[in-house]
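Some notes on the structure that comes next.
Residue numbers (the numbering used here): -13 to 159.
Given below as structure tokens:
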């Protein structure tokens, strides 16, 4: 559960701040008979600021991060050694899709994918070691590992955003 707030919607640029549930509850509580008020013109800019803030929260991968290195190494292997790795091509595509869409591979697995440099000219020994790593991973994970993950994820609910604008009436002070 993530709660974010823009306490001053009248400001030039909405300042988004995270809130604890205990802090947010008093701000949204009201009596059932409280009449509904229309949203102010400042609501949607504040809403968009909160939505954008949520999207920026994860830090982008650095060029030298382990997932990026693994992806680059797999892509290089596809470009330079596709014929020699023909039996592993579907598995490599699955690994690349996982890296791009799901990020389920642990650091240990990512390190295994970067252990043998596949950039530039690759020796027969390097190719044999890379094939051995792919074979070990394929045996451990299974050819259909990403399909199993996708079947579990498809039943998960989507993100739900509940937005509340707290407008005090003239009689409330």
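In this text, a Cβ means the ideal position worked out from N, Cα and C, and glycines have one as well.
Mind the definition here: the region 79 to 87 touches the region 55 to 64 only if three or more C-beta pairs lie below 8 Å; say whether that holds. yes
Contact check, residue 64 vs residue 97, beta carbons under 8 Å: Counted from its first residue, the chain shown places residue 64 at position 78. Counted from its first residue, the chain shown places residue 97 at position 111. Cβ distance not < 8 Å, so residue 64 and residue 97 don't count as in contact.
What is the residue span of the alpha helix (DSSP H) that residue 66 lies within? If you number the chain shown from 1, residue 66 lands on position 80. For residue 66, the enclosing alpha helix (DSSP H) stretches over residues 52 to 67.
Write down every uninterrupted run of the alpha helix (DSSP H) in the region 57 to 143 whose length is 4 residues or greater and which is fully enclosed by it, in chain order. 75 to 83, 93 to 100, 110 to 127, 131 to 139
Among the residues of its own chain, which have a CB less than 7 Å from the CB of residue 25, if the five just before and after it don't count? Position 39 of the chain shown, counted from the first residue, corresponds to residue 25. These residues qualify, in order along the chain: 151.
Three or more beta-carbon pairs under 8 Å between the region 5 to 18 and the region 115 to 132, yes or no? The region 115 to 132 and the region 5 to 18 do not touch, with fewer than three beta-carbon pairs separated by less than 8 Å.
Where does the unbroken beta strand (DSSP E) through residue -8 begin, and where does it stop? Translated into positions along the chain shown, residue -8 becomes position 6. Residues -10 to -8.
Can you tell me which of the three DSSP states residue 4 falls into? Taking the chain shown and counting its residues from 1, the one referred to as residue 4 is at position 18. Note: residue 4 maps to strand in three-state DSSP.
Give the DSSP-derived three-state secondary structure of residue -1 in the structure shown. Locating residue -1 in the chain shown gives position 13, counting from the first residue. Residue -1: coil per DSSP, three-state reduction.
Give me the Cβ distance between residue 108 and residue 119, rounded to the nearest whole Å; I'm assuming they're in contact under 8 Å. Position 122 of the chain shown, counted from the start, is the residue given in the question as residue 108. Position 133 of the chain shown, counted from the start, is the residue given in the question as residue 119. Between residue 108 and residue 119 the beta-carbon gap is near 13 Å, outside 8 Å, which marks them as no contact.
So, using beta-carbon positions, are residue 74 and residue 117 closer together than 8 Å? Stepping through the chain shown from its first residue, residue 74 is reached at position 88. Stepping through the chain shown from its first residue, residue 117 is reached at position 131. Yes. Within cutoff.
Quick check: is the beta carbon of residue 59 nearer than 8 Å to any beta carbon in chain B? This model lacks chain B altogether; it includes just one protein chain.
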